[in-house]
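At position 4 of the sequence shown the residue is numbered -15 (the numbering used here), and the sequence of numbers has no breaks.
What follows is a set of notes on a single structure, which appears directly below.
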Amino acid sequence: MAFCTEVEDVISMSLTAVTSLLEKYTIDPKQIGRFEVGSETVIDKSKSIKTFLMQIFEVYAEGPARPTGGAAAIAMLVGPDAPIVFESKFRGSHMYEKLEGKQFSISDADYIVFHSPYNKLVQKSFARLLFNDFMRNASSVDDIAKEKLSPFSNLIGDESYHSRDLEKVSQQVSKSLYDAKVQPTTLIPKQVGNMYTTSLYAAFASLIHNKHSELAGKRVILFSYGSGLTSTMFSLRLHEGQHPFSLSNIATVMNVAGKLKWRHEFPPEKFVQTMKLMEHRYGAKDFVMSKDCGLLSPGTYYLTEVDSMYRRFYSKKDGDYTVCENGSLANGH
-18 MAFCTEVEDV ISMSLTAVTS LLEKYTIDPK QIGRFEVGSE TVIDKSKSIK
32 TFLMQIFEVY AEGPARPTGG AAAIAMLVGP DAPIVFESKF RGSHMYEKLE
82 GKQFSISDAD YIVFHSPYNK LVQKSFARLL FNDFMRNASS VDDIAKEKLS
132 PFSNLIGDES YHSRDLEKVS QQVSKSLYDA KVQPTTLIPK QVGNMYTTSL
182 YAAFASLIHN KHSELAGKRV ILFSYGSGLT STMFSLRLHE GQHPFSLSNI
232 ATVMNVAGKL KWRHEFPPEK FVQTMKLMEH RYGAKDFVMS KDCGLLSPGT
282 YYLTEVDSMY RRFYSKKDGD YTVCENGSLA NGH
């Protein structure tokens, strides 16, 4: 799992992600006509999330949630002639009791990307899709799987959700399809942990990293679920695209393998110590941060100060310097 030190927060991580996107693709901010932000919560006393460009991760008390927690922010550009295209006809939400139209099965998708709090949930989710296909007699279920799932065909409603035997068998029979359609999406979530809002798109980034040379013409299904009451499944159709927005160049620019390799390794005690410090500072004001940002990569934004009015100030690490001076970038007050 991944965590940041006390000199970074949700705002600085978002600044880093957005700035990196604009710089690496030479995008003029004046070309951006609309800006959207998705998050879990806020840390400021007055300003909106969008004011800060923030992606949020939530701090949990000590307990079972901590070992799966992660920290990440992601920025995406939406525009014309893109290599990744939304298929508006393939979209569904749990809020609809029934959707009319052509039934959709696992076999209609080349890859499936899930919201990824932890990988076991991803495995169970895909196995559930296969069981749903079995109940509808879809072509994605082979004869061996049908035979093993047949004892559960009479389960009604919630009974199927509470059957441990069904859960186990469905994961077993879906293993080969999981390895082909889902496993290539799991690299970053497995390495970083639960990124909340970012987790789905980090999984999608994993797919581009692993399979970019094979994705042209493929359909990718994404399933997004938040902490509230809404979940959505939607479809993307991929094309190679033109430089600099080609799939191959996107994979190169993301440099997933390099970024994972450049991480610093710490014992669990350091994580606990950092969490306690950040919990102590939550809601605090009128303090100055350490200027030591030696662990940060060049181009990373970091918190320098929170003044008496809760205004947060940030600076950006340039070059390879290990000591960074306070900057003038404030939180919008």
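We put the CB at the ideal spot given by N, CA and C, even for glycine.
Short Cβ contact (8 Å threshold) for L228 with L196: In this structure, L196 lies closer than 8 Å to L228 by Cβ.
Cβ distance (whole Å) where M259 is taken to contact E(-13) below 8 Å: 6 Å
Residue span of the alpha helix (DSSP H) that contains Y334, given as start and end: Here the chain comprises residues numbered -18 to 314, so residue 334 is not present and cannot be evaluated.
The alpha helix (DSSP H) enclosing Y182, as first and last residue numbers: S180 to K192
Cutoff 6 Å; reference V103; Cβ partners in own chain excluding five residues on either side: F95 and S97
Beta carbon of G280 nearer than 8 Å to that of S106: no
Close beta carbons around A265, own chain, < 8 Å, minus the five adjacent residues each side: Hits under 8 Å: V287.
Pair within 8 Å by beta-carbon distance, D91 and R200: yes
Minimum length 4: unbroken alpha helix (DSSP H) runs contained in the stretch 247 to 310: Every alpha helix (DSSP H) stretch that sits fully inside the stretch 247 to 310 and reaches 4 residues is listed by chain position as 249 to 262.
Cα-Cα separation between A119 and K127, rounded to whole angstroms: 10 Å
Separation of H245 from L276, as counted between CA atoms: 8 Å
Contact belief for A(-17) with V173 at Cβ below 8 Å, rounded distance in angstroms: 4 Å
Beta carbon of I93 nearer than 8 Å to that of K162: yes
Beta carbon of R293 nearer than 8 Å to that of I87: no
Three-state class that DSSP yields for T211 in the structure shown: coil
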